[in-house]
Amino acid sequence: MSEPSFKGVAIITGAAEGIGRGIALRLVSDGFDVAINDIPAKKSALEQLISEITSSTPRRAIAVPGDVSNDGDVKGIVDKAVQELGGLDVMIANAGIAVNKPIAETTTDEWDRLFAVNVRGTFLCYKHAADAMIKQGRGGRILGACSIAGKKGEFDGYQATKKGLKPGEWTETVRLFLRIMKQLTKVTVWWGQLKSTVAVGKNGTPTEIASLVSYLVSKDAHFITGQSIIVDGGGIFD
Numbered sequence: 001m002s003e004p005s006f007k008g009v010a011i012i013t014g015a016a017e018g019i020g021r022g023i024a025l026r027l028v029s030d031g032f033d034v035a036i037n038d039i040p041a042k043k044s045a046l047e048q049l050i051s052e053i054t055s056s057t058p059r060r061a062i063a064v065p066g067d068v069s070n071d072g073d074v075k076g077i078v079d080k081a082v083q084e085l086g087g088l089d090v091m092i093a094n095a096g097i098a099v100n101k102p103i104a105e106t107t108t109d110e111w112d113r114l115f116a117v118n119v120r121g122t123f124l125c126y127k128h129a130a131d132a133m134i135k136q137g138r139g140g141r142i143l144g145a146c147s148i149a150g151k152k153g154e155f156d157g158y159q160a161t162k163k164g165l166k167p168g169e170w171t172e173t174v175r176l177f178l179r180i181m182k183q184l185t186k187v188t189v190w191w192g193q194l195k196s197t198v199a200v201g202k203n204g205t206p207t208e209i210a211s212l213v214s215y216l217v218s219k220d221a222h223f224i225t226g227q228s229i230i231v232d233g234g235g236i237f238d
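Okay, structure coming up:
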């Protein structure tokens, strides 16, 4: 079977493990060169993923470690991807953290860090990706990872950050005529209990989320923008 043709360049944040890693592998199989990000402490995991990609495919992959809540780091991530891979066509703002405790038990430092990574970090990824795509003059795709916690009442601080990532709050980027899609998922919390709450009778995996991302960044999804798409096997009917 022949390798897929080159599709473009994608940045995936939070790619050292889990959903981000799954998305990176899927986009590589689709024909994308990738710049994979995570915090510097996970650089070795990024390097292992790069080795896996480059040893088995013709696609290029680079590590762009950094903190998505830091403006300079995110600009550097985008700049490096553009300089070393030749442009930017897809931004997957996947990085996020969770503090799984009631609001009364959440410290102010934990609250601030949640918003710094999950909200500010997503904003910075959108901002710098949009800037690069506009300069290129060929548009692009920007996706953000949310959670069904934004639709439910649980883990108050985490829920608040995910509620703030609804498409309606990002209309300025839509005005730039970029295609902005959102995915909502929760895969790992209460793993053993979730199965009984899911209509399809099984828990989700990174591969299933990556399949949706693969479609949303493809030309077939050209008429989808500004949407929140829940991928939870029927845990929520919306």
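The opening position of the sequence shown corresponds to residue 1 in the UniProt record's numbering, with each subsequent residue numbered one higher. Even for Gly, the Cβ is constructed at its ideal location relative to N, Cα and C. Predicted, not measured: the structure shown is a model, and the values here were computed from it.
With 16 other Cβ atoms within 10 Å as the buried cut-off, status of residue i
{"i": "residue 5", "result": "exposed"}
{"i": "residue 93", "result": "buried"}
{"i": "residue 41", "result": "exposed"}
{"i": "residue 304", "result": "In this structure the chain extends from 1 to 238, so residue 304 is not present and cannot be described."}
{"i": "residue 206", "result": "buried"}
{"i": "residue 59", "result": "buried"}
{"i": "residue 62", "result": "buried"}
{"i": "residue 122", "result": "buried"}
{"i": "residue 24", "result": "buried"}
{"i": "residue 26", "result": "buried"}
{"i": "residue 112", "result": "exposed"}
{"i": "residue 73", "result": "buried"}
{"i": "residue 38", "result": "buried"}
{"i": "residue 68", "result": "buried"}
{"i": "residue 141", "result": "buried"}
Coil, strand or helix - residue i by DSSP
{"i": "residue 259", "result": "Here the chain has residues from 1 to 238 only, and residue 259 is not among them."}
{"i": "residue 228", "result": "strand"}
{"i": "residue 217", "result": "coil"}
{"i": "residue 77", "result": "helix"}
{"i": "residue 61", "result": "strand"}
{"i": "residue 210", "result": "helix"}
{"i": "residue 185", "result": "Residue placement at residue 185 is flagged as unreliable, the pLDDT there being 40, under the threshold of 50; the coordinate-derived value follows with that caveat. If DSSP states are grouped into helix, strand and coil, residue 185 belongs with coil."}
{"i": "residue 29", "result": "helix"}
{"i": "residue 118", "result": "helix"}
{"i": "residue 99", "result": "coil"}
{"i": "residue 40", "result": "helix"}
{"i": "residue 68", "result": "coil"}
{"i": "residue 108", "result": "helix"}
{"i": "residue 3", "result": "coil"}
{"i": "residue 22", "result": "helix"}
Identity of the residue in the options nearest residue i by Cα
{"i": "residue 3", "options": "126, 49, 28", "result": "28"}
{"i": "residue 211", "options": "222, 224, 47, 231", "result": "231"}
{"i": "residue 70", "options": "47, 52, 51, 95", "result": "95"}
{"i": "residue 134", "options": "88, 104, 123", "result": "88"}
{"i": "residue 219", "options": "90, 18, 105", "result": "90"}
{"i": "residue 12", "options": "126, 116, 102, 120", "result": "126"}
{"i": "residue 129", "options": "100, 209, 146, 81", "result": "81"}
{"i": "residue 240", "options": "114, 217, 124", "result": "This structure does not reach residue 240, given that the chain is present from 1 up to 238, and the question cannot be answered."}
{"i": "residue 54", "options": "97, 33, 73", "result": "33"}
{"i": "residue 225", "options": "47, 143, 85, 214", "result": "143"}
{"i": "residue 85", "options": "227, 214, 132", "result": "132"}
{"i": "residue 145", "options": "119, 137, 139, 138", "result": "119"}
{"i": "residue 17", "options": "7, 8, 46", "result": "46"}
Start-to-end residues for the beta strand (DSSP E) that takes in residue i
{"i": "residue 33", "result": "32-36"}
{"i": "residue 143", "result": "141-146"}
{"i": "residue 11", "result": "8-12"}
{"i": "residue 15", "result": "Element bounds for residue 15: n/a, residue is neither H nor E."}
{"i": "residue 93", "result": "90-93"}
Run of the alpha helix (DSSP H) containing residue i, from where it starts to where it stops
{"i": "residue 130", "result": "121-136"}
{"i": "residue 50", "result": "43-56"}
Beta-carbon proximity check, residue i vs residue j, cutoff 7 Å
{"i": "residue 10", "j": "residue 36", "result": "no"}
{"i": "residue 77", "j": "residue 66", "result": "yes"}
{"i": "residue 106", "j": "residue 99", "result": "yes"}
{"i": "residue 19", "j": "residue 229", "result": "no"}
Residue i CB to nearest heavy atom of the ligand FMN below 6 Å
{"i": "residue 222", "result": "The ligand content of the structure shown is nil, which means the ligand FMN is not present either."}
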